[in-house]
Each structure stands twice: as C-alpha cells, then as structure tokens.
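*Asks:* Numbering (UniProt numbering), first residue to last: 1 to 300. Heads up, the beta-carbon is just placed ideally off N, CA and C, and yes, glycines get one too. Note that the structure is predicted; figures quoted are calculated from it, not measured.
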C-alpha cells in the first residue's frame, strides 16, 4: 500500500488549490443534482486523492491563495473557533464572580465587604427598658453573653451589644455617678482589657482612649460616649529561645464605641465593635447608632 501511495504523483500547489476551489464550485450545498463531471468514477477518485493533498498543502500554505473563497472560509472558521474558546472562560469567570461572597477574609479583611449607609432599623426592649437603631442588614445572634447582640453577616468582627448592670448590686442615679467623661473612659477601657486578657504566650495589647464626651438627648437624660482603640499582637514563634526569633505580628486592630446611660437604678452600656479599616467606611451609620441609644423608665 505504501508503494502504491508513493507512486501516485502529487499535483502542484496551484493545481491542488484550483481543484479545491473547483470542488466547492461543483459540489455546492445548494446543488441537488450531481454534476456530470463528478459522475465519472476514475475522475472522481483522482479528484479525491488530489483533494486530500490539497487540504494538507492548504493548511501549511494558507497565504498562497489568500484571496480564494476556500481560504477565506478557513479563516472564518478559525476565527469562530478562537472566539468560542475564549467565550467559555469568560462565562466561567463571570459565574464565579457572582456566585456569592467567595472572597476569603484576607488581611484587608473586611473593607471589601463594608457597606455604606444600608439604612437603620429600630430595636425596642420594653422588658429591660432601652432602645436603639441598628443597621438593617445585621443579624441577631442568640446565646451571646449580652442582653442583646447583633452583628454584620459578612464582617464578623463588627457587632453591637447592650450590657446592663445588676439591679441588686448597683444603685445608679445618674451617669455622672461614674465621674466625668474622662474617668468613665478609663473605666470602660479597663473593662475591655480585662475581658480580652489572654493566657497565650507572647500576646501583647496596645490600647488608647480616642475620645470621651457627654450629651443631653431629646429625652432630657445625659449620656456619656467613649471611643477607644485596642490592638492585639502575638509572636509568630512564642516558644523560641532567642528574642530575635519571636517576631510580633498584628492580630487585629479594632475600635470600640460605648454609650453609657442610667435609668431604673441600672447602668446601661451600648457597645459597638468595628475593625479600624472598616470604621472609615461605616462611620456615618455607626454614629447614628450611638446617637439613637435611649434608656427608658420601666413601669412597675
């Protein structure tokens, strides 16, 4: 068979190209009756062999007959194939982008998810006597060690809670029983640091009071507002012997906003926790939450 194939003379490139074009002319898809030229068996077989060679040569030398209809068709098919091959990845990427919050919480952690002015919803506790507004996309978490607890569904380090002093162990008459706002700020910071005490080796906390103030709300009561910042550092190799091998890294950097009020002989504290890199994005809403906090007289 190999000997027979080698004995078949190969047509020139121009002849093969002409035969390729001729085949398209006589075997058009619109042609219902075969051409008499194709009914000749020996001629048709010779044509088939030539056509096979022509296809191979045309694939290598597409630029020889660039003006022919066959070559233009090959280019159109090639372009369509390339377009299709790139369309699939684009669809895959778009589907991946809109498939949900697939972005892991990298260290820029939460700024990507921070939302501006999502609107506020009112929460009223008639049993304990307080109310406040909170971002309407936040969810309530039950079982937390607080009277009420809400948090951002995406930025888990951003949350809100209300703490109450025990009515049996405290007899507050006014928020001024805590002293001036500056003294109240120190007490708030000490309370936070006590809660965040850690037994891990190599953990270090840095804290500062950012601001303290007082205000009289529309209900005639005085409230204190305190803002503090706390940073937590931990060694990447706390068991290392040499100090240079214990490199401290920042674990988290948060701002804590507290609003203090007194009613029913109890001290009420609204707490907001937010990462520092998110605070700038959501400061307007968080300030509104702070200003909305009210304590209410319980009816016996």
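#1: If you draw a straight line from the alpha carbon of residue 148 to that of residue 291, how long is it in whole angstroms?
#2: In three-state DSSP terms, what is residue 284?
#3: Between 141, 170, 183, 280, which lies nearest to residue 264 when the distance is taken from Cα to Cα?
#4: Between residue 161 and residue 294, how many whole angstroms is the CB-CB distance? I'm expecting something under 8 Å.
#5: Does the Cβ of residue 185 have 16 or more other Cβ atoms within 10 Å, making it buried, or fewer, making it exposed?
#6: Taking the alpha-carbon positions, what's the residue 275 to residue 227 distance?
#7: Under the three-state reduction of DSSP, which class applies to residue 125: helix, strand or coil?
#8: For residue 125, which option in 175, 268, 237 has the closest C-alpha, if you only look at C-alpha atoms?
#9: Classify residue 290 as helix, strand or coil using the three-state DSSP reduction.
#10: Using 8 Å as the threshold, is the stretch 196 to 206 in touch with the stretch 271 to 289, meaning 3 or more CB pairs across them?
#11: Are residue 254 and residue 273 touching if we call contact CB-CB under 7 Å?
#12: By the three-class DSSP mapping on this structure, what secondary structure does residue 248 have?
#13: Between which two residues does the beta strand (DSSP E) containing residue 297 stretch?
#14: Is the beta carbon of residue 266 sitting closer than 7 Å to the one on residue 181?
#15: Please state if the CB of residue 133 and the CB of residue 122 are separated by a distance shorter than 7 Å.
#16: Contact check, residue 297 vs residue 129 under 8 Å by CB: the rounded distance?
#17: Per DSSP, what kind of secondary structure is residue 231 in: helix, strand or coil?
#18: Please list, in chain order, all residues of the same chain as residue 213 whose beta carbon is under 7 Å from its beta carbon, the five residues on each side excluded.
#19: Would DSSP call residue 224 helix, strand or coil?
#20: Relative to the C-alpha of residue 258, which candidate in 280, 119, 300, 189 has its C-alpha closest?
#21: So what does residue 158 bridge to, in DSSP terms?
#22: Helix, strand or coil for residue 196? Go by DSSP, reduced to three states.
#23: To the nearest angstrom, how far is the alpha carbon of residue 197 from that of residue 232?
#24: In whole angstroms, what is the alpha-carbon distance linking residue 206 and residue 282?
#25: Please name the residue, chosen from 163, 120, 194, 139, that lies closest to residue 145 on a Cα-to-Cα basis.
#26: Over the uninterrupted beta strand (DSSP E) stretch that includes residue 272, give me the two end residues.
#27: Helix, strand or coil for residue 140? Go by DSSP, reduced to three states.
*Replies:* In short:
#1: Cα-Cα distance, rounded: 18 Å.
#2: Three-state DSSP puts residue 284 in a helix.
#3: Residue nearest to residue 264 within the set 141, 170, 183, 280 is 170 (criterion: CA-CA distance).
#4: For a cut-off of 8 Å, the C-beta gap from residue 161 to residue 294 is around 16 Å, too long to register as a contact.
#5: Buried is the call here.
#6: Their Cα atoms are separated by approximately 13 Å.
#7: Residue 125 sits in a strand when the DSSP states are folded into three classes.
#8: Residue 125 has its Cα closest to that of 268, out of 175, 268, 237.
#9: For residue 290, the secondary structure class from DSSP, reduced to helix, strand or coil, is helix.
#10: At 8 Å Cβ cutoff, the stretches do not touch.
#11: For residue 254 and residue 273, yes; Cβs fall inside 7 Å.
#12: It is a strand residue.
#13: From DSSP, residue 297 is part of no beta strand (DSSP E); its letter is neither H nor E.
#14: It is not a contact, given that the beta carbons lie outside the stated cut-off.
#15: Going by C-beta atoms, residue 122 is nearer than 7 Å to residue 133.
#16: Yes, they are in contact, since the Cβ atoms of residue 297 and residue 129 sit about 7 Å apart, within 8 Å.
#17: Residue state, collapsed to three classes: strand.
#18: So the list reads 181, 225, once near-sequence residues are dropped.
#19: Residue state, collapsed to three classes: strand.
#20: Nearest neighbour of residue 258 by Cα position, chosen from 280, 119, 300, 189, turns out to be 189.
#21: Answer is none; residue 158 lacks a bridge partner.
#22: Residue 196 falls in the coil class under three-state DSSP.
#23: Their backbone Cα atoms lie some 10 Å apart in a straight line.
#24: Rounded to the nearest whole angstrom, the C-alpha separation of residue 206 and residue 282 is 23 Å.
#25: That would be 163, whose Cα lies nearest to the Cα of residue 145.
#26: Under the DSSP assignment, residue 272 falls in the beta strand (DSSP E) whose first and last residues are 266 to 275.
#27: In the three-state DSSP reduction, residue 140 falls in the strand class (E or B).
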